[in-house]
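Below is one structure, written out as structure tokens; comments come after it.
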Amino acid sequence: MFNFSIQFNDKKFQASIAYLKQCSNLDKLLEEIQKIEKTLQATIVIARKELGMFRRFLQIACTNAVEDFHDVNKRITKRLSIEIIVNLAGTRQINDAINKIVPRGENEGIAIIVSESLEKNRDVIKFLEISS
Numbered sequence: 002m003f004n005f006s007i008q009f010n011d012k013k014f015q016a017s018i019a020y021l022k023q024c025s026n027l028d029k030l031l032e033e034i035q036k037i038e039k040t041l042q043a044t045i046v047i048a049r050k051e052l053g054m055f056r057r058f059l060q061i062a063c064t065n066a067v068e069d070f071h072d073v074n075k076r077i078t079k080r081l082s083i084e085i086i087v088n089l090a091g092t093r094q095i096n097d098a099i100n101k102i103v104p105r106g107e108n109e110g111i112a113i114i115v116s117e118s119l120e121k122n123r124d125v126i127k128f129l130e131i132s133s
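Here you go:
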């Protein structure tokens with residue numbers, strides 16, 4: 002697991018990146034991600050496992066997404082998770098970004114979690130049963 006902080010104006014966010022290994026129900030998890038986000042009060046993105054080795058890239062994309070999300074003029078969507086996906090993909094087209102980043106039909110990936118505290122991130126990781 003990899004953790005980092007994102008500072009934006011007077012707000013501080015904590016981000017965690019962890020591997021989803023041999024997850025047989027990844028597609029089901031992707032379908033239920035909105036409910037999980039509301040329940041655990043965190044932003045969750047499931048991305049392709051190949052991105053996991055690029056820690057600095059993930060950190061920059063998440064930081065840019067948080068900044069864009071809180072700037073009304075730069076924001077693309079009303080959800081931080083989609084903003085993160087768009088920044089990871091490097092495109093402003095939401096459908097193209099989702100197709101590039103979200104692992105459909107695969108059993109491995111990475112979870113990117115952004116919340117107000119590391120404790121919440123750890124709770125999300127436990128909930129998702131991620132081996133870190």
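In this text, residue positions in the sequence shown follow the numbering used here: the first is 2, and each later residue adds one.
Beta carbons: idealized from backbone N, C-alpha and C, even for Gly.
Query: Taking the alpha carbon of Phe5 as the point to measure from, which residue in Ile83, Glu33, Ala62 has its own alpha carbon closest?; Result: Ala62
Query: For Ile99 and Asp28, what's the separation of their Cα atoms in angstroms?; Result: 14 Å
Query: Which same chain residues, not among the five before or five after Ile34, have their C-beta less than 6 Å away from its C-beta?; Result: Ile45
Query: Is Asn96 helix, strand or coil by DSSP?; Result: helix
Query: Here's the rule: buried if 16 or more other CB atoms are within 10 angstroms of the residue's CB, otherwise exposed. What is Asp69?; Result: buried
Query: Using the three-state DSSP reduction, which class does Ala90 fall into: helix, strand or coil?; Result: helix
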